[in-house]
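In terms of the numbering used here, the sequence shown has 32 at position 35, counting the first letter as 1, and numbering is strictly consecutive.
Glycine included, C-beta positions come from ideal geometry on N, C-alpha and C.
Keep in mind that this is a model prediction, so the values were computed, not measured.
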Amino acid sequence: MSAQTTHPSLDELRDEALSWGRKPRGRGSWYVAEHMVRTMRAYGWTIVVGAVGQPVMYLFGLGYGLAALLGQQGIEAHGQSVPYIAFVAPALLVSAAVAVASEELSYPVLGGFKWRRYFYGFNASALSSPQIANGVLLGAMARMAFAVVAFYALIWLLPFGGVPHPETGWISLFAGVAAGVAFGLPLMAYAGTIEEDKGQFALVQRFVFMPLFLFSGTFYPLESLGALQWIGWISPLWHGTELSRAATYGADIPPAMIVVHIVFLIVVSVAAYLWARRVFTRRLAA
């Protein structure tokens, strides 16, 4: 006689369905992040060139070209004279993370709501709106991490002299990602509010990102800006750069200011994160 086939009961089927539903509820943010990272494969070479090629050009053009104009004495910053390459390299590292944030948390967010609308598909599953927002951020952070690690490897391994203190220089990786998150989260929340693309992100690039890039002490000490120093104080790029310089070449920054830089990045990130979650929840519920 053949063995009698047993069928699962309704209770067993229900328990199995609930277990599959709990899985995305528990790991939903990582599933969304995985999707965001996978979509980056479509422009993977752009990511590699941007993370490796662009830093090399900046370092040669600014670190050596502009440094030659400054002479052998370097540049005075925080009451100490440092080689210009050591001064500018950590700022460019942080700038790389901020540039990634400006790309990954602008058009891709708008596309998820308006053009491709995959956020609504996510939301129709067991994923919650906050998990979708978390996953978008985690995906962007993954690319930020790749950019700063690639940049750091270049200025450390190649004879640029960009990391005089490698024993602490690795901390600059976290400073770069933190600055990218503090810059990107407000942009992510703003992108979630846009209904029609009328060139808003182009304006952000021209009138927000570029001024911060130029006036956040990236290429010269913030103190030399005089009345424009306030731009640096409201810029995540400057706060991250100062932390990065303290790590890579031991910039003489008072401990109280180190705390100010860290607190600023945390407060801006938390406030913008709460805003972004609210925007995602409200728009996906509409």
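Under DSSP, the beta-bridge partners assigned to glutamine 77 are Ala74. The residue among Ala123, Asn131, Val46 with its C-alpha nearest the C-alpha of valine 97 is Val46. A Cβ-Cβ separation of about 27 Å leaves serine 26 out of contact with leucine 90 under the 8 Å criterion. Exclusion of the five residues before and after glycine 71 leaves Ser78, Val79, Pro80, Tyr81 as the residues of its chain whose Cβ lies within less than 6 Å of its Cβ. By the neighbour-count criterion, in which 16 or more other beta carbons inside 10 Å mark a residue as buried, alanine 144 falls on the buried side. Under the three-state reduction of DSSP, tryptophan 112 is assigned to helix. With contacts defined by Cβ atoms closer than 8 Å, phenylalanine 180 and valine 95 form a contacting pair. In the three-state DSSP reduction, threonine 215 falls in the coil class, being neither helix nor strand. Under the three-pair Cβ rule at 8 Å, the region 28 to 38 counts as touching the region 125 to 140. Taken in chain order, the region 162 to 192 contains no complete beta strand (DSSP E) segment of 3 residues or longer. Boundaries of the alpha helix (DSSP H) harbouring isoleucine 44: 41 to 45, taken from the DSSP string. Secondary structure of alanine 248 (DSSP, three-state): coil. Distances from the alpha-carbon of glycine 177 to those of Trp235, Gly41, Phe277, Ala83 put Trp235 closest. In the DSSP assignment, isoleucine 129 falls within the unbroken alpha helix (DSSP H) covering 126 to 154.
Shown here for isoleucine 152: same chain residues with a beta carbon closer than 6 Å to its own, the five before and five after excluded, namely Ala86, Gly159, Val160 in chain order.
Spanning the alpha carbons of valine 256 and proline 233 requires a straight line of approximately 14 Å.
In chain order, Phe110, Gly189 place their CB closer than 7 Å to the CB of arginine 280, counting only its own chain and leaving out the 5 sequence neighbours on each side. Shown here, phenylalanine 206 sits in a helix according to DSSP, grouped into three states. When C-alpha distances from glycine 247 are compared across Gly76, Met54, Val49, the shortest belongs to Gly76. Under the 10 Å beta carbon count, threonine 238 is surrounded by 16 or more other beta carbons and is classified as buried.
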